[in-house]
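Worksheet: one structure, shown below.
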Amino acid sequence: MSEMRKLIDLVEDAQINSYLDRLKVAETQEEFDSILKEAELYEAPGMVDKIKKGARNLGLGTLATMGMMGAPDVKADPDADINP
Numbered sequence: 007m008s009e010m011r012k013l014i015d016l017v018e019d020a021q022i023n024s025y026l027d028r029l030k031v032a033e034t035q036e037e038f039d040s041i042l043k044e045a046e047l048y049e050a051p052g053m054v055d056k057i058k059k060g061a062r063n064l065g066l067g068t069l070a071t072m073g074m075m076g077a078p079d080v081k082a083d084p085d086a087d088i089n090p
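Under my numbering, the residues of the sequence shown are numbered 7 to 90, in order.
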C-alpha cells in the first residue's frame, strides 16, 4: 500500500471516528438525524455508509435504523409506569 493511500485511510478513519463519537452522545433522535444529515452533506456516500455501519456496530442500532428510515423523534414518557 502506498504512503498516500495509508494517509488517506488514516484521515478517513479519523473522520468516521469523529462522527461516531458525536453519535454516541446524541440524546435524541433529532440530534442523531442531524449528525447523519451533516455527514451526508459533507462526506462522500461511501463514508456515510461506513458511519451508519459503524453506528449499528456500536449498538446504536435503534437510532441508526430509525435515522435511515426517517422516523420521528422518540422521547421517553415520564408518566409511564415502569412496574405495571
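Just so it is clear, CB atoms sit at the ideal spot from N, CA and C, and this is done for glycine as well. On a predicted model such as this, the values are computed, not experimentally measured, just so you know.
Classify residue i as helix, strand or coil using the three-state DSSP reduction.
i     : result
ALA32 : coil
GLY3  : Only positions 7 to 90 of the chain appear in the structure, and residue 3 is not among them; the question remains open.
ALA50 : coil
SER40 : helix
SER24 : helix
MET10 : helix
Please report the Cβ distance between residue i and residue j, rounded to the nearest whole angstrom; I am assuming they are in contact, meaning their Cβ atoms lie under 8 Å.
i     : j     : result
LEU66 : LYS30 : 7 Å
LEU26 : GLY60 : 5 Å
With a Cβ-Cβ cutoff of 9 Å, do residue i and residue j count as a contact?
i     : j     : result
GLU18 : LYS56 : yes
GLU46 : GLN21 : no
ARG28 : ILE14 : no
Return the chain-ordered list of same chain residues with a C-beta closer than 6 Å to the C-beta of residue i, the five sequence neighbours on each side being excluded.
i     : result
GLY73 : Note on GLY73: pLDDT 49, under 50, position unreliable in the model; no value is reported.
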